[in-house]
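Numbering (the numbering used here), first residue to last: 37 to 386. Positions of the beta carbon are idealized from the N, C-alpha and C atoms, including for glycine. Predicted, not measured: the structure shown is a model, and the values here were computed from it.
Given below as structure tokens:
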């Protein structure tokens, strides 16, 4: 690390951020409002088509895909980015990070604490970043091998299929709300009672909406709607988990010890964000469906910039990193996903 001029690195990356912030305005507001309109169109047209499956099964399938896209957009390009405060400057009460609640089982305030603050502050610092491996997967030699790691590929598949519930339960598991004695050194920011109340409240609302209210409203088409909602949620879960794992857990991503990150300068913090992230190459549509988390490096560097700007600044970031001899980890979707699977398998064994 001492060969890198961290002061210069910070200055150059700060310049990119400030230049980009100076351009943020109407085009960014138009973008997020356009995505919200598309999301709503996909959701309601999808829900209507689910009820037409009895006429033609293909219509049901199209409905499932449209509803899945709506859920992906709500989760990724809208919810994730709005809750990072990327659009707070618009002063729009409907897309403000302090009050926005997304259409998944995870309570927004819990996500703010564990992801928005902990993960983005302490990215890949062992013992500080609870998102690294989600407490379920052994992804480096920093963790002692346990017998359960032998089948962690199956654990990963189950986590992916139920990803919204894994994210929802993540903070409670870390705080050992149902699992016994609290870890030493933990200073809970919210009481266990409040964590349980919000977990069950949000989860119950999601279950009722998707598997009771909409199916009951469909009357005799109950099963068409119930199964369509179930499949749309499964598609959303698999997509979001895959994108997130490709951005965080490829073979090239680094982990860090707490002692190595004490008294970090801004440049050293930037350096850690880059080494703890991976990008995924793709089309404009692909980037939107990932919430622009396909530019995970840029997102970790500048989480409060409108994500639609990441594609614009990526070449500038890559050029700066190249000048400092820092690897810019990027690749196609299948290359990065293979790398994730290899890492999961590699650390399944001692």
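Per DSSP, the bridge partner or partners of residue i
i	result
residue 292	161
residue 368	317
residue 331	315
Sequence-distant residues of the same chain with beta carbon closer than 7 angstroms to residue i, five excluded per side
i	result
residue 357	310, 364
residue 44	none
residue 287	375, 378, 379
residue 191	172, 173
residue 165	154, 155, 158, 159
residue 163	294
Sequence-distant residues of the same chain with beta carbon closer than 8 angstroms to residue i, five excluded per side
i	result
residue 289	160, 311, 312, 313, 314, 365
residue 247	262, 265, 266
residue 352	52
residue 71	109, 113, 114, 324
CB-CB length for residue i against residue j, believed under 8 angstroms
i	j	result
residue 266	residue 90	Actually they are not in contact, since the Cβ atoms of residue 266 and residue 90 sit about 17 angstroms apart, beyond 8 angstroms.
residue 350	residue 331	6 angstroms
residue 282	residue 200	At roughly 18 angstroms, the Cβ-Cβ gap does not stay under 8 angstroms, so residue 282 and residue 200 are not in contact.
residue 380	residue 189	6 angstroms
residue 75	residue 106	5 angstroms
residue 123	residue 342	7 angstroms
residue 395	residue 138	Given a span of 37 to 386 for the chain in the structure shown, any question on residue 395 remains unanswerable.
residue 321	residue 279	Actually they are not in contact, since the Cβ atoms of residue 321 and residue 279 sit about 14 angstroms apart, beyond 8 angstroms.
residue 175	residue 383	6 angstroms
residue 242	residue 333	Not quite, the Cβ-Cβ distance comes to about 32 angstroms (not below 8 angstroms), so this is no contact.
Test item: CB-CB of residue i and residue j under 8 angstroms
i	j	result
residue 275	residue 86	no
residue 113	residue 328	yes
residue 344	residue 128	no
residue 346	residue 49	no
residue 291	residue 385	no
residue 46	residue 272	no
residue 250	residue 83	yes
residue 144	residue 340	no
residue 204	residue 42	no
Beta-carbon contacts of residue i that lie in its chain and below 6 angstroms, excluding the five residues immediately before and after
i	result
residue 277	196, 199
residue 136	118, 119
residue 324	113
residue 116	327
Between the CA atoms of residue j and residue i - distance to the nearest angstrom
i	j	result
residue 303	residue 99	47 angstroms
residue 146	residue 207	7 angstroms
residue 94	residue 62	39 angstroms
residue 234	residue 227	11 angstroms
residue 367	residue 319	13 angstroms
residue 37	residue 360	Note that residue 37 has pLDDT 45, beneath the 50 cutoff, so the model's placement of it is unreliable and the number below is only indicative. The straight-line gap from Cα to Cα measures roughly 11 angstroms.
residue 317	residue 255	44 angstroms
residue 88	residue 96	6 angstroms
residue 77	residue 125	26 angstroms
residue 236	residue 348	41 angstroms
residue 180	residue 186	12 angstroms
residue 230	residue 239	14 angstroms
residue 109	residue 193	22 angstroms
residue 297	residue 40	15 angstroms
residue 66	residue 252	36 angstroms
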